Each structure stands twice: as structure tokens, then as C-alpha cells.
Amino acid sequence: MKLIKTFSYTCITILSLLFVTGCSESLEEINVNPNQSVENPSIDLLFGSILPGFINQVTSSYRIPGQLAQQFAVKNSDVGILTHDEDAESRRFWETVYSENNGALRNASFLAFEAEQQGHLAYQALGKIYKVYILSYTTDLFGDIPYVNAGQGFRLEDKFLFPEYDTQSNVYQVMLADLEDANNLLMNSPDSESQRIDESRDLLFDGDKMAWRKFANTLRMRLLMRISNIEMVNTQIRDIFDDPVTYPLFDSIDDEPVFSYNNSEDWPFTSENPDIEDVRLSSIVVDIMKGEGGDNAISDQQDPRLSVLLNPTANSVTAGTPEFVGQPIGIASDTEENETRSLLSSEFQNLNKFWLMTYAELLFIKTEAIHRGYISGDAKTTYINGVEASCKRYEIDITSTESVDYLASLDANFVGNEIKQIAIQRWLDHINNGFEGYSVWRRLNFPVISPGRDAVATQIPTRYFYSSKTTDKNQANADEAINRAPLNGLNTTLQKVWWDSE
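The numbering used here runs 81 ahead of the 1-based position in the sequence shown.
In C-alpha cells:
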């Protein structure tokens, strides 16, 4: 069991991590393991600071990419009508990622660097995994980004202080190589005290090296499938699936990396958020889950996850005919009363946890690999297993009548609609991970969505653009990225990143 910890995200500085063995009172460990080694106190603290340093960016991704992908529709949001301040949002995301002031990327890069100096194979691997996780979402949003030399300003050389923007194709190749290195480092890491992962600071896997290997390899599968429309990755995908000893993957929902909030106030969907009633699932999501959805229909039965995520509208409950109604997309001024829309359920508001990846996602990736002929197997069975895994994550009884009927309907509609089914289930599985939902929609073109009724733009943005307030700090390298393909001199939100080829 994890020791209970509370974090202040600004407490750790690189210098203190290097030269002190303790931390200020703003990093408090409530339960102390008396048997814990203090052989590498600074590197342990550094490791423990990384996930809290970026998790809020991911859990809050429903606000922009989650609305662009139309998973969420926040009432009267300027994102829904595509009039949000794109420069401010782009700048805020970029500056948070690339912050040299104790940012998560910097700390991940420093962890890998310092661990290599100390010969600590496991922490070297974990630094690489975290770097890939953070920058995979960054490159998926922007395209070309600094990767190879990013987050290493502590080395005080110009190439690190002003890093080149690597092409997205190169970013992906290096990320995939980093994940393979991480798997190998963990595989070769001795089971000794000097090579252990501090379980008290490991918020995902309690110091379990095999669990980290599974995460690294499953993340690698995500990235390989992401670029499968434009790169020949079938051999790599087959090699990983065919060799579970060398490349262990998630085996069940028990392997999933889950971040749990000890303080419910930090959970973005908490009932303590005064604006939580304005945060709603979109009508696109709700209609699909009701067994409707028009062009996006995947079943004619209600999804058992719907009642876990949402409450029926208050008016329908009062009338004795409970009904789920999602928030329409792109309404400039919604005057409808809250009682006419479905609000987030208390179960979801009290969930207080976020999955960085899921076993269901891996099964959907495997389904697509089978469908595309990369590996052998039964695509339909693997797909249904993925949906079951997604339901089990919410402790849904998959033997209930509702679940059985839903799964049977999916089974009947799978053949001939494989990519549509896979895409929409991945989009639903990561319902509150807007980064992932946005990428799935752009790559697979499902669900079918369009700008809302009052949208001022005729096209949904397909990337974040480089803010001038960030590029002017590294202008020459930014200009080089803008002037080459695929941007070809244009830096807008309506262009596509390299892997978004269809």
C-alpha cells in the first residue's frame, strides 16, 4: 500500500535535491517507513516530485482538448464556440512543460541524467518514461518540438538552453527508443538496495520494477499505433506482442498506472468546485452511450458506464421517467436550466483518481493491430474484452442484464465497423483525458464531429500553434520548425501534425 503523502508542487528545487537530504515542510510525509534506505535521498526526492509536477495538466485536459474532441461541453465555454484565446492556452501549456524552474520535464531529464551519473539503472529508466509521457502529449498537440535537448538547461550549454525543434517524426523515433531503453534498463537493474525504487515516493507502482516495464512497453504500443498510418510499424508491434518475456505488457486492470488524489479538492471534478455544474459530458458522448448517436452509433443498447458518469436530468427524475441528456456543443449562451441537463454523478465527482493508461486501451490497440493484419488473433473477442476491462475499472458488474445486452449489441455491430468501434471506445475509455481523446479523433476520424451551432470557425482546430510569446525566446529554432513541412511557413491551429495524415 502506498504511504499517504501530501505535496506542494513548488517545494523542491534542483539545488536542494542535489545537496540536502531533507526537504522543507511543504513536502510532508505523513507515514514514515522506518526501514527505508536513505542512501540516495536527493535522487529519491527528485523522482517523487515529477508526477505531482505534471498530473494537473493531464487531469485538466478536458478543458481544451477534451472540448475540441467533444468529450466534454462546458456550459457557455468559449472553447465550444471556438473563440477561446488560443495564444494564451498555447503559451500556458508550453511554458508549463518547458519550465526550467523546477518543471516536471526538467526534473525527469535531471533524474535520468543524475541516475546515469550514479549508475542507478532503474531511476534512469523512470526519468526516460516520464519524459516520454510528458512530451508525447506535447508533440501530439504542437507537432515539431524540442525533445532531444529539452529539459536540460541545468547543463548550461546553448544547445540545451535554446534547444532545436526536432521534427515530429524524429521525436517519435527517439521516444520509442527511450522506451525500449527504459525497458532494458529495468530488466537489467539488480534487485539490490542501491538499485531500488523508493516505494514511498512511487505514486504509481510502489517501487515495482516489473510494473514500470509493463507501463513503458504499453506506452510504446500507444505511440507505435499513433504513427501507424504514416510509418511501417507492423514488425515492431508484432515483436512486442509476440515476446511478453522481453516486453511485458499490461495483463489486467491491476497493472494500470493510477494517480490517486489524497486531497479531493485537487480533483478537477470535485463537488467542491463552485462551477462543477457547468462541466458536462457532451451530447455526442451521451447519445452514443444511450445507444443512439446517429452516424456515431456503435450499439442500440445503453452503455452501463453512463449511469456511473452522469445523473439523469432532475426534471426527468421528478417526472418519473429518468433520462440522460448531454450538453449540446457550441452554444454561445445556453439559457437552459440545469434541471434539463445531466450533471456529473456523485460517483464521478468523488472518483479522485486518474488513469495515465488503461488495460482497455491496450486491448483496443491490440484489436486494431489484429484488424490491420499486424498480428494474428480474434479482433472481435479482443475488442469485447477491452470494453469489459473499461467497465470493470468503474466496478461495473459485466454479468448484469444491462452489461450483457450492451456487449451483445457491440458484438453484433463490430464486423464492418471495426475502426469506428475501436476509435469511439478508446475515446470513451479516456473520457476525462482530453489529450488522448483529441489524438484518437484526429488519427481515426471517429467520432464524427463538427463545430457547434454558434461556432465562429468552420473547422475544429487540429493542433496547438506556437505562441509568439514562447517562440521569441528561441526564435531561430522556432522559425526553422515553422518554415519546414508540414507547416510550410504557416503557424495556425488549422494545420495537421505529421502523423495526422488522413
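Built from N, CA and C at the ideal position, the CB exists for glycine as well.
As the structure is a computational prediction, the values presented were derived from the model and not from experiment.
What separation, rounded to the nearest whole angstrom, lies between the Cα atoms of residue i and residue j?
i    : j    : result
G232 : A193 : 11 Å
P372 : V468 : Note on residue identity: the sequence assigns Gly, not Pro, to residue 372. Their backbone Cα atoms lie some 15 Å apart in a straight line.
S333 : E476 : 14 Å
H201 : S190 : 14 Å
Q556 : T248 : 16 Å
L237 : T463 : 49 Å
S141 : I321 : 32 Å
Q563 : I500 : It should be pointed out that residue 563 corresponds to Ile in this sequence rather than to Gln. Cα-Cα distance, rounded: 32 Å.
K473 : N498 : 24 Å
T102 : W580 : Confidence at T102 is low in this model, with a pLDDT of 34, below 50, so its placement is unreliable and no value can be given for it.
S548 : D381 : 44 Å
N354 : R187 : 30 Å
F331 : F429 : 24 Å
I465 : D415 : 38 Å
P528 : E195 : 44 Å
P271 : E583 : 45 Å
R173 : R319 : 39 Å
P349 : Q576 : 30 Å
L425 : S471 : 18 Å
I410 : H511 : 19 Å
I357 : T351 : 7 Å
L257 : L304 : 7 Å
Y253 : E261 : 12 Å
V229 : P403 : 53 Å
V537 : I162 : 6 Å
M370 : N182 : 43 Å
I311 : E420 : 46 Å
A493 : L266 : 44 Å
A206 : N264 : 7 Å
F495 : V578 : 30 Å
T573 : P329 : 40 Å
A413 : T327 : 53 Å
V398 : Q540 : 37 Å
L242 : P227 : 11 Å
I365 : G374 : 7 Å
S123 : F286 : 20 Å
N526 : Y204 : 38 Å
P567 : K240 : 24 Å
Under three-state DSSP, which class holds residue i?
i    : result
T543 : coil
Q408 : strand
V496 : coil
A154 : strand
R565 : coil
V578 : coil
L362 : strand
S190 : helix
F243 : coil
F350 : coil
S345 : helix
E109 : Because the pLDDT of E109 is 31, which lies under 50, any placement of that residue in the model is unreliable, and the number read from its coordinates should be weighed accordingly. Strand, per DSSP.
F296 : helix
I226 : strand
F340 : strand
Y211 : helix
G234 : helix
Y204 : helix
S141 : coil
Does the distance from the CB of residue i to the CB of residue j come in under 9 Å?
i    : j    : result
F128 : G234 : no
K156 : R534 : no
S217 : L300 : yes
K212 : D259 : yes
I210 : A297 : yes
A150 : W436 : no
R544 : S309 : no
N431 : S345 : yes
R524 : D225 : no
D125 : D279 : yes
Y487 : D376 : no
R294 : A154 : no
V367 : F405 : yes
T448 : S171 : no
S363 : G401 : no
V255 : T219 : no
P146 : F516 : yes
F546 : E167 : yes
Q138 : N513 : no
Quick one: is the Cβ of residue i within less than 8 Å of any heavy atom of the ligand SAM?
i    : result
S171 : Questions concerning the ligand SAM fall outside what the structure shown contains, since it holds no ligand whatsoever.
### Query
Would you call the stretch 432-445 and the stretch 479-488 in contact, with 3 or more CB pairs under 8 Å?
no
### Message
List, from N- to C-terminal side, the alpha helix (DSSP H) runs of 4 residues or more that fit wholly inside the stretch 392-464.
### Response
395-399, 427-430 and 440-452
### Task
Please specify which runs of the alpha helix (DSSP H), each continuous and at least 4 residues long, are wholly inside the stretch 466-536, giving them in chain order.
482-495, 499-510 and 515-525
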